Every structure is written in structure tokens, then in C-alpha cells.
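Asker:
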Amino acid sequence: MRIALIMILGLGLLLSSFRQESSVNSKVKPLAYPVNTVSFADTIKLDPETGLIVDENLFMVKAQCTGCHSTKLISANHFSRDGWKQKIRWMQANHNLWELGETEKQVLDYLEKNYAPVQVVSRRAPLKDIQWYDLKLK
Ligand code: HEC
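The sequence shown lines up with residues 2 to 139 when you count with the working numbering.
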């Protein structure tokens with residue numbers, strides 16, 4: 002009788018150790034973001050000084066865009082070329098940003114190429130040409 006009791010206790014202990022293990026597994030959290038929004042990161046080099054993407058016109062962006070605010074304001078945004086131009090006009094109208102003159106093209110080339118709007122494809126495209134049929138109930 003006593004042996005049976007010890008065996009039952011032992012079995013319970015053994016089973017609870019398995020349960021422990023499965024609760025560890027359940028602590029693995031799913032990714033907070035779809036993988037395709039971050040997977041490009043290892044192919045792009047960031048400038049250590051500014052955190053901006055390394056590219057041929059970065060020097061001009063560094064020259065024209067780093068005097069007043071953090072470059073995070075740039076890297077946190079994604080606009081079309083026209084959108085970036087509007088931001089520049091807005092800073093010129095309201096925040097004493099100077100005329101960029103000839104260099105504006107280089108700045109816009111850089112921003113358009115590296116900080117364009119991002120599209121995350123997380124769903125399949127809607128179906129086209131669906132052939133509907135009548136459901137026949139017998
Ligand atoms: C003369 C100062 C100055 C310079 C130089 C400057 N900015 Fe700004 N910028 C500002 C100010 C001021 C703000 C508003 C900051 C805030 O809202 O805290 C701003 C805000 C921004 C924002 C955020 C806009 C928004 O909608 O919130 C972006 C993006 C930006 N700047 C990009 C640039 C780029 C690109 C350049 C280079 C062409 C640049 N800035 C150069 C003054 C400047």
C-alpha cells in the first residue's frame with residue numbers, strides 16, 4: 002500500500018516535470034511583425050554616425066539635413082519623391098530651412114530611393130474572375 006502511494010507520487014512528479022517543459026515552450030512568443038518587414042535589414046548598411054542607409058548621395062543629406070534635428074525624423078518617415086519635396090517646402094516655409102538649390106536633386110534622389118513608402122504584403126491579392134455557381138441542395 003505504501004509502495005503504491007510512493008509510485009503514484011513519483012508518477013505525479015514525473016508528469017509535472019513534463020508539464021514544466023511544455024510551459025517553457027509556450028513562452029516562445031510569435032513574431033510581433035510579419036517577417037518580410039524586417040528581413041531586408043541584413044542586406045542594407047546603415048551609416049554609424051546618422052543611422053541612415055549608406056548610399057551615394059548620403060553625404061549631401063548629411064550636409065543639408067542633420068543641422069537642426071535628429072536623423073531619426075528622416076529614417077522614421079517614408080514618402081514619395083513628391084512627399085519629400087513637400088516636407089522640404091514645409092520646413093522652408095516654417096522652420097528656416099534654406100534653399101537647397103542644385104543639391105535638392107541629390108537629396109531627393111537619395112530620399113526617394115531609400116525612404117520611399119513601404120508596402121507590406123501580408124495578404125494574398127483579391128481573387129479575380131470568380132466563377133460563382135449555384136449551390137444545389139438535395
Ligand atoms: C533649418 C533647420 C532644419 C533643417 C536643416 C532640416 N529640417 Fe527637417 N525639420 C525641422 C524642424 C524644426 C522640424 C519639426 C521638428 C518637430 O516637429 O519636432 C523638422 C521636421 C522634419 C521632418 C518630420 C516632418 C513631420 O511631418 O513630422 C522630416 C521628415 C524632416 N524634417 C526631414 C528633413 C530633411 C530631409 C532635411 C534635409 C533636406 C531636413 N529635415 C533639414 C528643421 C529642419
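Using N, Cα and C, we set each Cβ at its ideal position, and we do this for glycine too. Here the structure is a predicted model, which is why all the values come from computation and not from measurement.
Using 10 angstroms around the beta-carbon of Tyr134, count the other beta-carbons present and answer buried if the total reaches 16, otherwise exposed.
Answerer: Along the sequence shown, read from residue 1 onward, the residue named residue 134 stands at position 133. So Tyr134 ends up on the exposed side.
Asker: In terms of alpha-carbon separation, which member of Lys137, Lys63 and Tyr116 lies closest to Ile45?
Answerer: The residue given as residue 45 occupies position 44 in the sequence shown. Of the listed residues, the one whose Cα sits closest to Ile45 is Tyr116.
Asker: Taking the continuous alpha helix (DSSP H) assigned at Ser123, which residues delimit it?
Answerer: Walking along the sequence shown from the start, residue 123 turns up at place 122. No alpha helix (DSSP H) holds Ser123; DSSP gives it neither H nor E.
Asker: First and last residue of the alpha helix (DSSP H) that includes Cys66?
Answerer: Taking the sequence shown and counting its residues from 1, one reaches residue 66 at position 65. Counting along the chain, the alpha helix (DSSP H) containing Cys66 begins and ends at Leu59 to Cys66.
Asker: Using C-beta distances below 8 Å, list every residue in its chain close to Asp110, excluding the 5 sequence neighbours before and after it, in chain order.
Answerer: Position 109 of the sequence shown, counted from the start, is the residue given in the question as residue 110. Counting only Cβ-Cβ distances below 8 Å, and skipping sequence neighbours, we find Asn58.
Asker: Do Val119 and the ligand HEC come close, with the Cβ less than 7 Å from some heavy atom?
Answerer: In the sequence shown, counting from the first residue as 1, residue 119 sits at position 118. No.
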